[in-house]
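Colleague: Number 937 marks the last residue of the sequence shown (my numbering); no jumps.
Beta carbons: idealized from backbone N, C-alpha and C, even for Gly.
Here the structure is a predicted model, which means the values were calculated and not measured.
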Amino acid sequence: MSLYRPSCSKCNETCCFFGGCCVKNPHRYRESDTVTHLQTYEPVVLKRFHAAPARPGPSFIELAPELRNMIYDLILVRQEPINMSLDPSKYSLGVDTRAPACWGRNNCFAIFSTCRQIYDEASSYFFEKNTFVIRRVGGYRDLHIPRAPGMPFHLLRHVVLEYNRALGPSQWELSHLWNHFVADATGIVGRFTGLQSLEMRLEEQPISSGKYPCDGSWVPLADVLNDTTLNEEEKTKCLVRILKTLHTLIGARMPACVRFAYYRAHPEWWYTQYGRSGGRDTVDMMRLNVAIEKIGWSKRRN
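(1) Can you tell me whether Gly825 is buried or exposed? The criterion is at least 16 other CB atoms within 10 Å of its CB, across all chains shown.
(2) Return the chain-ordered list of same chain residues with a C-beta closer than 8 Å to the C-beta of Leu865, the five sequence neighbours on each side being excluded.
(3) Taking the beta carbon of Arg782 as the centre, do at least 16 other beta carbons fall within 10 Å, making it buried, or is it exposed?
(4) Got a sec, what are the start and stop residues for the alpha helix (DSSP H) Phe762 sits in?
(5) Would you kindly report the start and end of the unbroken alpha helix (DSSP H) that includes Met705?
(6) Under the rule that 16 or more other beta-carbon atoms within 10 Å means buried, what is Ser644, buried or exposed?
(7) Enumerate in chain order the residues of its own chain whose CB-to-CB distance from Arg770 is below 7 Å, with the five nearest sequence positions on each side excluded.
(8) Around the C-beta of Cys750, are 16 or more other C-beta atoms found within 10 angstroms, so that it is buried, or is it exposed?
(9) Does the beta-carbon distance from His793 to Gln831 come in below 8 Å?
(10) Mind listing, in chain order, the continuous alpha helix (DSSP H) runs of no fewer than 4 residues lying wholly within the stretch 791-876?
(11) Residues in the same chain with beta-carbon distance under 8 Å from Ala818, minus the five sequence neighbours each way, listed in chain order, please.
(12) Is it true that the CB of Val795 sits closer than 8 Å to the CB of Thr871?
(13) Under 8 Å between the Cβ atoms of Leu802 and Pro890?
(14) Name the two residues that bound the continuous beta strand (DSSP E) containing Val925.
(15) Pick out whichever of Val772, Met921, Glu838 and Gln752 has its Cα sitting closest to the Cα of Glu697.
(16) For Met705, is the classification buried or exposed, using 16 other Cβ atoms within 10 angstroms of its Cβ as the cut-off for buried?
(17) Can you tell me where the beta strand (DSSP E) with Ala896 in it begins and where it stops?
(18) Excluding the five sequence neighbours on either side, which residues of its own chain have a C-beta within less than 8 Å of the C-beta of Val875, listed in chain order?
(19) Who are Ile769's beta bridge partners in DSSP?
(20) On the three-state DSSP scale, how would you describe Ile717?
(21) Hey, Ala757 and Phe767 are a contact pair by Cβ (cut 8 Å); roughly how many whole angstroms apart?
(22) Report the rounded CA-to-CA distance for Ser633 versus Lys764, giving the unit in angstroms.
(23) Counting C-beta neighbours from all protein chains within 10 Å, is the total for Val893 16 or more, i.e. buried, or is it exposed?
(24) According to the neighbour-count rule (16 or more other Cβ atoms, all chains shown, within 10 Å of its Cβ), is Pro693 buried or exposed?
(25) Kindly list the residues whose CB is nearer than 6 Å to the CB of Pro787, restricted to its own chain and excluding five residues on each side of it in sequence; keep chain order.
(26) Note down, in chain order, each residue of its chain lying with its Cβ closer than 8 Å to the Cβ of Leu702, except the 5 sequence neighbours on either side.
Structure (structure tokens):
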């Protein structure tokens, strides 16, 4: 702060920044004719002030559970699936071109670091309400789920398992591929103890046109699905018999929470419209979902 003490041009009295016109009358210039004698000024007295804790407002934890869940829905629940890795040392923190959300970033929301109570409540809500995607790599290898201490596998409710073309129907016979499907689903359900739905997404639809050497094994499924003389109930019964045969052959049943779907795969009408091989021989794996639900195993039944 400057120690310069100027004088008013009219009264020739020394002015102080603390006790003179510049502080007591902040809207008055020193050169103003209304400046009075310095002795008539009342000095500014600094008041003592001690910081005291303000009365705290209502806590987030004190809000009604319904209101807290509405807030969690707005900031934690994502519309698109979130990519995750089964290996905690391989979190993907970069931008993914196929899905903007990834496991590494969404596991670090600021609300999680508020306090322990909010972390327990918000993190469990985040893992239970969102859908997580696991990309199946290595066509001929078994799905490996590491021990990964601390990973919230038990909190996940909805998981998507994506299969690339290396583990597609065009590369494997029906019984061999179904064995992979059952083994993968059984391993995930065994580790993800709270799982409610497991969606297996295939990159291609199986066909029985003879284009690939293993296409012949898919003929029984194609014949049932493309039989116009059967209604939906009769087709479901035929599919159940085929699945029971597969279960007897490999010695294991598919979990009831499994559903088949596709990603980046052409629907059946595409083959016919553009003259591609397949057409009526296309096998829609999604038609197996009802049959799997009827004969699949679950912890509630067994």
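Modeller: From the atom records:
(1) Burial call: exposed.
(2) Exclusion of the five residues before and after Leu865 leaves Val859 and Cys873 as the residues of its chain whose Cβ lies within less than 8 Å of its Cβ.
(3) Exposed.
(4) Looking at the DSSP string, the run of the alpha helix (DSSP H) that includes Phe762 is Arg751 to Lys764.
(5) Pro700 to Leu711 is the span of the alpha helix (DSSP H), which, as asked, contains Met705.
(6) Annotation note: pLDDT 49 at Ser644 (below 50); position unreliable, coordinate value reported separately. Taking all protein chains in view, the Cβ of Ser644 is surrounded by fewer than 16 other Cβ atoms within 10 Å, so the residue is classified as exposed.
(7) Excluding residues within five positions, the ones whose Cβ falls inside 7 Å are Glu797.
(8) Exposed.
(9) In this structure, His793 lies near Gln831, with their beta-carbon atoms less than 8 Å apart.
(10) Those alpha helix (DSSP H) runs which fall completely within the stretch 791-876 and span 4+ residues are 809-826 and 854-860.
(11) Within the same chain, and ignoring the five residues on either side of Ala818 in sequence, the residues whose Cβ sits closer than 8 Å to its Cβ are Asp777, Leu778 and Ala887.
(12) Not closer than 8 Å, so no.
(13) No, they are not a contact pair.
(14) In the DSSP assignment, Val925 falls outside any beta strand (DSSP E) and within the unbroken alpha helix (DSSP H) covering Asn924 to Ile930.
(15) Out of Val772, Met921, Glu838 and Gln752, Gln752 has the C-alpha closest to the C-alpha of Glu697.
(16) With fewer than 16 other Cβ atoms inside 10 Å of its own Cβ, Met705 counts as exposed.
(17) That run of the beta strand (DSSP E) goes Val893 to Tyr897.
(18) Excluding positions up to five away in sequence, the list reads Ala926, Lys929 and Ile930.
(19) For Ile769, which the question treats as bridged, DSSP gives the partners Leu796.
(20) Three-state result, Ile717: strand.
(21) No, Ala757 and Phe767 are not in contact; Cβ-Cβ is about 16 Å, not under 8 Å.
(22) Since the displayed the chain opens at 636 and closes at 937, residue 633 lies outside it and no answer follows.
(23) Burial call: buried.
(24) An exposed status is given to Pro693, since fewer than 16 other beta-carbon atoms sit within 10 Å of its beta-carbon.
(25) Closer than 6 Å at the Cβ level, and outside the excluded window around Pro787, lie Phe762.
(26) Hits under 8 Å: none found.
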